[in-house]
Amino acid sequence: MSFYYDDTLQTVPPRWVVEPMDVSVERKGHITLHCQAQGVPIPTVVWKKATGSKSGDYEVIKERTYTKLLSNGSLYLQHVKEDREGFYLCQAHNGIGTGIGKVIQLKVNSAPYFNAPQRDTAILQCEVNGDKPINVVWLRGGKHELTPSTNYRVSIKQDATPEGIAAEAQISNVDSSDSGSYFCQAQNLYGRDQQLVHLIVQEPPQAPSALEASMITSRSVSLKWQPRGGDAAEVTKYIVEYREIDRQWHTIELGDPPKYNVNIEDLKPATRYAFRVVAEGPAGRSTPSQELVIRTEMQRPAGPPLNINARPISSTEIQVTWLPPLAELRHGDIQGYNVGFKAITSGQTNYNFTSTAGDGEDGTGELILTGLLKYTRYTIVAQAFNQIGPGPLSEPVTAQTMEDVPSKSPEDIRCTALSSTSLQVSWQPPPAKDTNGLLQGYKVSFESMADEKAFENDEMETRTTNTLTYMINNLKKHTNYSVQVLANTRMGDGVLSDPIYCQTEEDAPEAPADIKVVVSSPQSLYVSWQPPKEQNGVITKYNLYMRAVNGREELNHEKKTLPSQQLYFETKNLQTMREYQFWVSASTRIGEGKSSRVVSQMTSTRVAARIVSFGGLVVIPWKQSVNLQCMAVGMPKLEWYKKDSILRTGTGNNVQILDTGELIITNLLQQDTGNYTCQVDNGIGTDRLTYNLLVQVPPAAPVLYVTSATSNSILMHWKNGFTGNAPITGYSIHYRRTHGNMEELQLSRHATSHELKDLACGSMYQIYLTVSNKIGTSPGSTTLHVRTQGQAPGMPQPPALIAPNSTSVLLRLNSWPDLGCPILYFNIQYRLLSDATTNQWNQIAKSLKPQKRFTIHGLQPATLYQLKVEAMNVAGMTTGDFTFVTLTKDGDPPPPEIVQRGKRPPLFYFDMKFIILVVASSVGFIILIVIITLCFKYRKSKKSRKEIMENQQNADAQRDRYYATIHKGIPVLAGDKIPETSEDISPYATFQLSEASTLAHGPANTLLHSFMYHERAMTEGCASPPPAVLRTKPHNIKSPYYNIAKSRSRRHSRKTDPESEESDSDGDQLTSSRTESSNQLDAKLKHSMSERENVVNLYQINIDKKFPGLIYHGTQSSTSSDLSPMSEQKSLPRRGRQRYHHIHHNTNTTPRHKPSQASTSSTIQKSPPSVNNSNTRMPGLRLLPLQLTAEDTAITNFDVTPDSRIELSEAECDIDTLKKLKLGMRSSLWARPANPTPQDNNPGSNGGGGGGGNKLSGHPSDYSIAV
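If you want it as structure tokens, here you go:
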């Protein structure tokens, strides 16, 4: 046996390699405390520091800022200050033995220094010993003297002491910049010395940085941070503050040594907290760090919904409302609620849950439970849920749905015939789950199903009972009946059961409807009859009774039994001329019925034509055949008529008359309906019968109309048309939604209206109705296009729908208008709007059920988004396109430039200002046009009225001015100038030249004067109509110089001598002449028409008598184109006048004449003298002094015409024109005179020779005065 020894398994207790020793370090210096040990296994070194000033209790030193544990066991300290001074213990152990350890002392050495908190006053003291006088100077850094003059915060103080001087320097409001070395330098006659003083200004540490959460749970948050700069050594502790938003702060202090992390517990789930950290040092506390806002994680809600309430709103619906759980128990954002329900009577243990979205913050949560059982009590609970899961259930509440009509009919319906007129009906109640309320009773409805020969539509009869059996009495015998039963509650009648059919029992029939007897031969009679109308069963036989009578004596009595199908019998071998009586009865299996009436007939040798058959109503379906019997006796001639038309075989394709007299009509149509008459005649007698044939056809289309429509129903009524001669058996409603499948609904024959229910909202339906009888179905009615109420969803206002937050947006979906049709679901998408071409749509919700609120999370703060929401209902889909901007990170409104980017510029034609501007402009333009039109019409009418008023008011004044131009007769001396203005010219004056030679030889003799007066219609000047006056016509005046003729031309003149404007007229004489001429005019107007003949005879005599000095010069031309100074004085333009150009060939000038007007009166007046003017004087030209008195006017020759008018001279026209031109007015005096009569045209108006060659007679109404 061998033993081996392994050195490696030897253990060695620890021993010092570098033993710790006492050390010292300068303040704020770095030092390493050495402690190294070795052993097997390698020992572990642990450093501890005494908690007090002496060695005793120790605590382990952990590595932290400015404290490092080296891998060899040494301890490295940085920025050592007085708080690090003390006893340190270094221990080494490796599990072998007790280990080793040593206590050392660390001392911190420091030069003198002062600690002054920031913003306090630092006092530097220095005591100097020595012989006086001693001069003390304070220096900073040994260079810069510290005096109040260099620093206003410095004050120097020196006090004498027995040994010397106590110097003191004070620095107020110190800050970190004042820290440093200060020298107190003292000097006397024997030497100098100085003392170094260190000033340390202590500041509070800076706020910690990089505060963040390292872990977040629903109940706790772990925080960590970093100290700022070199403040770690100055921080003695950290204070962590936290609070819920808008609540009080809570604090946690982290003592020495300060820690840089903390775990805060007992927080609330899903709650926003604000955290901050404050560092505290010897100089005080730092400002708080930047706040960190954190939301704790969510948990399932810890509380149930509150105030849950349930109430029925219909027989299948219950409305459930509730309030959200308490805020502190929600533990997150409530996403929705689960509402559970179960029927109490069902025995279920589990709830049926229905979810609804929304947090219920805006009032109460609400959900309508639909599809519930009618009149059933339910237990209802609710629970809230968030993203983590559902919370606890609320306390259960109960509610019962409302009553309704029974949804099923009674069961096990039976019908039994009790007699021929009564039936007994029995049934069982509807199933309890289908009664939907408390049963109030039952209704039994029945109707006869007999084949009606008449097309009458009997109403169904109804009886009410509270029992489960009912006996129906007073029914028709042996008749099949349809019976239906329904149950009713307080809400109304339930569903009718399917019909069952039962028949009353047989009974004896009623009497045959009719009987007749006719003579068929001398010894036989033919008897026929009709079946009973009420057969009351199946006819088994007919009983025919016959007896012969002789007066009141009955000779024999017979009874014959005939089969049920036989309706006639011929009795033979009867006695001739004997009376026989017949009657008949019918029998069923119950017995013989009543007898018909008794008819008598006597046999006869003469057999008259008689019809044995019976007529009446015959009802036959169309497309079938009918056989109309016409059995007759007496071998008569037989004819058939339809109305008044005779029928023959071949009359129609479907008409045939047999030899036996039967009329057969095949393939019946509606037009075959009518009265058919059979007539027989054999010469002995005649007879006829009529059939009323009704051909039954399918009914005509009914008239359908809609009376009302809701969002899910349409109410219709209808009226029948032609029923087809047959009872209506039912109706069929055919309807379909647009692009849908056609549906058909069968209705009772008694229905007159129906309401289509459960239709789609806001949809178009096509509806038509058909009606049926036993023959067939009618064509469809006119197809109605009816829209149920409601439309596709509307569009909400963006502020009502969208509520953005910093990182989410809330959509209030309940604000979306449905326009009458409930919204089925939403599709929601969004995307960034920074670049719409590159960002894809994010589908956040698809087919989202309607809910009050929906939140989109995960958005970026202060960012523009585009949102697209599609709302869908049965009427259609509406897509809303919106933009929104999230709030900033701090919850502030976004920058305006981002908001403006999201605003779409509205189309200009949708701008209300633009619309108002366009409308206002259009209205203003229309009003302006109307005003202009009215003003134009008003001014036009006002002008016309003004002209008429002016003419009426100024007629006398016009005449005064007119005649005022005629001056009194004053001799004109030779050499006087000719009047130069139109006011100086007397229109009745004649100018003369002294001698013919004078005109031929003078400097001014080249001018001849011609005054042209025209009577054209004027738009200005003399345009107003003058009063009617006497129109004069001269007689027996043959001088070519007195040549006055009517003219419609106007004088045209142009100035040729500008100096002519200098001439003036005598004002005094002008005034007097005007007054006198006015009086003369009045006398003229009083001229009597009866003196006309005397005027004609005495005219020439009066001229010779009154004017002995009148000189006539016949050698001068009246058409000279030379203008006189008078005409040049008055040559004003006339607006709007038509100008007439009379070209006169003259060596001096060719003037253009302007129009003027002259009077046609031949009265000659004197002309006043004029002032001499050398520039315009014409020697030899003299205005003759002519004057007529009032008496002379009575014998003057006048040619009076009824339409003659006073015509103004040019002078008077120009006076008025001048005045109105000065006033800015249009001159309007008299209107255009009447057309002249042919006798007014004077052929002598053509001038002689001389100056012109113009032929003035081309204007027959010109006045030409030649001088």
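Residues 1 to 1267, numbered by UniProt numbering, are exactly what the sequence shown covers, in order.
We put the beta carbon where it would ideally sit given N, CA and C, even for glycine.
Assuming Thr576 and Leu525 are in contact, meaning their beta carbons sit under 8 angstroms apart, how far apart are those beta carbons, in whole angstroms?
Position 576 of the sequence shown holds residue 576. Position 525 of the sequence shown holds residue 525. A Cβ-Cβ distance of about 11 angstroms is found for the pair Thr576 and Leu525, leaving them out of contact under the 8 angstroms criterion.
Residue burial classification, Pro1108 (beta-carbon count within 10 angstroms, cutoff 16)
If you number the sequence shown from 1, residue 1108 lands on position 1108. Annotation note: pLDDT 45 at Pro1108 (below 50); position unreliable, coordinate value reported separately. Exposed, because fewer than 16 other Cβ atoms sit within 10 Å of the Cβ of Pro1108.
Roughly how far, in whole angstroms, is the beta-carbon of Ser179 from the beta-carbon of Leu199, given that I think they are within contact range, below 8 angstroms?
The residue labelled residue 179 in the question sits at position 179 within the sequence shown. The residue labelled residue 199 in the question sits at position 199 within the sequence shown. Contact holds; Cβ gap of about 6 angstroms.
Reducing DSSP to helix, strand and coil, say where Cys35 ends up.
For the purposes of this step, residue 35 is identified with residue 35 of the sequence shown, where counting begins at 1. Under the three-state reduction of DSSP, Cys35 is assigned to coil, being neither helix nor strand.
Let me know the secondary structure DSSP gives Thr435 once reduced to three states.
Position 435 of the sequence shown, counting from 1, holds the residue named residue 435. Reduced to three states, the DSSP call for Thr435 is helix.
Whose C-beta lies closer than 6 angstroms to the C-beta of Cys678 among residues of the same chain, with five residues either side of it excluded?
The residue you call residue 678 lines up with position 678 of the sequence shown. Same-chain partners within the cutoff: Cys630, Trp640 and Leu689.
Say whether the stretch 295-305 touches the stretch 382-390, bearing in mind that this needs 3 or more beta-carbon pairs closer than 8 angstroms, one atom from each stretch.
Segments in contact, yes.
Tell me which residue opens and which closes the beta strand (DSSP E) that Ala382 is part of.
As a working note, residue 382 is residue 382 in the sequence shown. Unbroken beta strand (DSSP E) run through Ala382: Arg377 to Phe385.
Could you tell me the boundaries of the beta strand (DSSP E) in which Leu819 lies?
On the sequence shown, position 819 is the one that residue 819 refers to. No beta strand (DSSP E) holds Leu819; DSSP gives it neither H nor E.
Please work out which residues of its chain come closer than 6 angstroms, Cβ to Cβ, to Asn94, disregarding the five sequence neighbours upstream and downstream, and give them in chain order.
Stepping through the sequence shown from its first residue, residue 94 is reached at position 94. Pro14, Gly39, Pro41 and Pro43, listed in sequence order.
Whole-angstrom C-beta distance between Ser420 and Glu506, which should lie under 8 angstroms:
Numbered from 1 along the sequence shown, position 506 holds the residue referred to as residue 506. Numbered from 1 along the sequence shown, position 420 holds the residue referred to as residue 420. Confirmed, about 6 angstroms.
Under the rule that 16 or more other beta-carbon atoms within 10 Å means buried, what is Arg610, buried or exposed?
Locating residue 610 in the sequence shown gives position 610, counting from the first residue. It counts as buried.
Answer yes or no: do Pro779 and Ala701 have a C-beta to C-beta separation smaller than 7 angstroms?
If you number the sequence shown from 1, residue 779 lands on position 779. If you number the sequence shown from 1, residue 701 lands on position 701. In this structure, Ala701 lies closer than 7 angstroms to Pro779 by Cβ.
Between which residues of its own chain and Val240 is the CB-CB distance below 6 angstroms, once the five residues before and five after are set aside?
Here residue 240 refers to the residue found at position 240 of the sequence shown. The answer, listed in chain order, is Ile252, Val262 and Val277.
Any idea which residues DSSP pairs His144 with across the strands?
To locate residue 144, count along the sequence shown from 1; it is residue 144. His144 is bridged by DSSP to Arg140.
As a quick exercise: from Thr467, Thr489, Arg463 and Ala450, pick the residue whose alpha carbon is nearest that of residue 1274.
A query on residue 1274 cannot be resolved here, the shown segment of the chain reaching from 1 to 1267 and no further.
Whether Ala513 touches Gly593 by CB criterion (7 angstroms)
Position 513 of the sequence shown, counting from 1, holds the residue named residue 513. Position 593 of the sequence shown, counting from 1, holds the residue named residue 593. Not a contact, by the Cβ cut-off of 7 angstroms.
Taking C-beta to C-beta, are Leu544 and Val584 nearer than 7 angstroms?
Along the sequence shown, read from residue 1 onward, the residue named residue 544 stands at position 544. Along the sequence shown, read from residue 1 onward, the residue named residue 584 stands at position 584. Cβ distance < 7 angstroms, so Leu544 and Val584 count as in contact.
Does Leu658 pass the burial test, meaning 16 or more other C-beta atoms within 10 Å, or should it be called exposed?
Along the sequence shown, read from residue 1 onward, the residue named residue 658 stands at position 658. With fewer than 16 Cβ atoms within 10 Å of its Cβ, Leu658 is classed as exposed.
Any idea if Gly935 is buried or exposed, counting beta-carbon neighbours within 10 angstroms, 16 or more meaning buried?
Counting from one through the sequence shown, the residue named residue 935 turns up at place 935. One detail in the question is off: residue 935 reads as Cys in this sequence, not Gly. So Cys935 ends up on the exposed side.
Just grab the DSSP bridge partners of Gly730 for me.
If you number the sequence shown from 1, residue 730 lands on position 730. Partner(s): Ser772.
Sorted by chain position, which residues of the same chain lie with C-beta nearer than 7 angstroms to Arg578's C-beta, five sequence neighbours on each side aside?
Position 578 of the sequence shown, counted from the first residue, corresponds to residue 578. Cβ neighbours of Arg578 beyond the five flanking positions: Ala548, Met602 and Thr603.
In the DSSP output, what is Arg300 paired with across the bridge?
As a working mapping, residue 300 is identified with position 300 in the sequence shown. According to DSSP, which records beta bridges pairwise, Arg300 is partnered with nothing at all.
With three or more C-beta pairs closer than 8 angstroms as the rule, is the stretch 486-497 touching the stretch 430-448?
yes
When the Cα atoms are used, what is the spatial distance from Thr673 to Trp622?
In the sequence shown, residue 673 corresponds to position 673, counting from 1. In the sequence shown, residue 622 corresponds to position 622, counting from 1. Rounded to the nearest angstrom, the two C-alpha atoms are 10 angstroms apart.
Can you grab the Cα-Cα spacing for the pair Lys268 / Phe275, in whole Å?
The residue given as residue 268 occupies position 268 in the sequence shown. The residue given as residue 275 occupies position 275 in the sequence shown. Using only the alpha carbons, I get a separation of about 14 angstroms.
Complete runs of the beta strand (DSSP E) confined to the UniProt domain "Fibronectin type-III" (207-299) [at least 3 residues]
Runs of beta strand (DSSP E) with 3 or more residues, each lying fully within the UniProt domain "Fibronectin type-III" (207-299), are found at 209-216, 221-226, 237-244, 250-254, 261-264, 272-281 and 292-295, listed in chain order.
What are the boundary residues of the beta strand (DSSP E) that Leu70 is part of?
Looking up residue 70 in the sequence shown gives position 70. Taken as a continuous stretch (DSSP letters only), Leu70 belongs to no beta strand (DSSP E), as it is neither H nor E.
Collapsed DSSP secondary structure at Ile539 in the structure displayed
Residue 539 sits at position 539 when you count from the first residue of the sequence shown. DSSP places Ile539 in coil when its eight states are reduced to three.
What's the gap between the Cα of Lys642 and the Cα of Leu668?
Residue mapping note: residue 642 aligns to position 642 of the sequence shown, counting from 1. Residue mapping note: residue 668 aligns to position 668 of the sequence shown, counting from 1. Between Lys642 and Leu668, the alpha-carbon positions lie close to 15 angstroms from each other.
Alpha-carbon to alpha-carbon, Met742 and Val626
Along the sequence shown, one-based indexing puts residue 626 at 626. Along the sequence shown, one-based indexing puts residue 742 at 742. Each residue's Cα considered, the two are about 40 angstroms apart.
DSSP state of residue 1284, grouped into three classes?
There is no way to answer for residue 1284, as the model of the chain reaches only from 1 to 1267.
Which residues bound the beta strand (DSSP E) around residue 1275?
Here the chain has residues from 1 to 1267 only, and residue 1275 is not among them.
Roughly how many whole angstroms lie between the Cα atoms of Trp841 and Arg831?
Here the question's residue 841 lines up with position 841 in the sequence shown. Here the question's residue 831 lines up with position 831 in the sequence shown. Those two C-alpha atoms are separated by around 5 angstroms.
Assuming Ser520 contacts Tyr568 (C-beta within less than 8 angstroms), just tell me the rounded distance between them.
Counting from 1 along the sequence shown, the entry for residue 520 is found at position 520. Counting from 1 along the sequence shown, the entry for residue 568 is found at position 568. Wrong, their Cβ atoms sit about 11 angstroms apart, outside the cutoff.
Does the stretch 855-862 come into contact with the stretch 785-792, if we say contact requires no fewer than three beta-carbon pairs (one atom in each stretch) closer than 8 angstroms?
no
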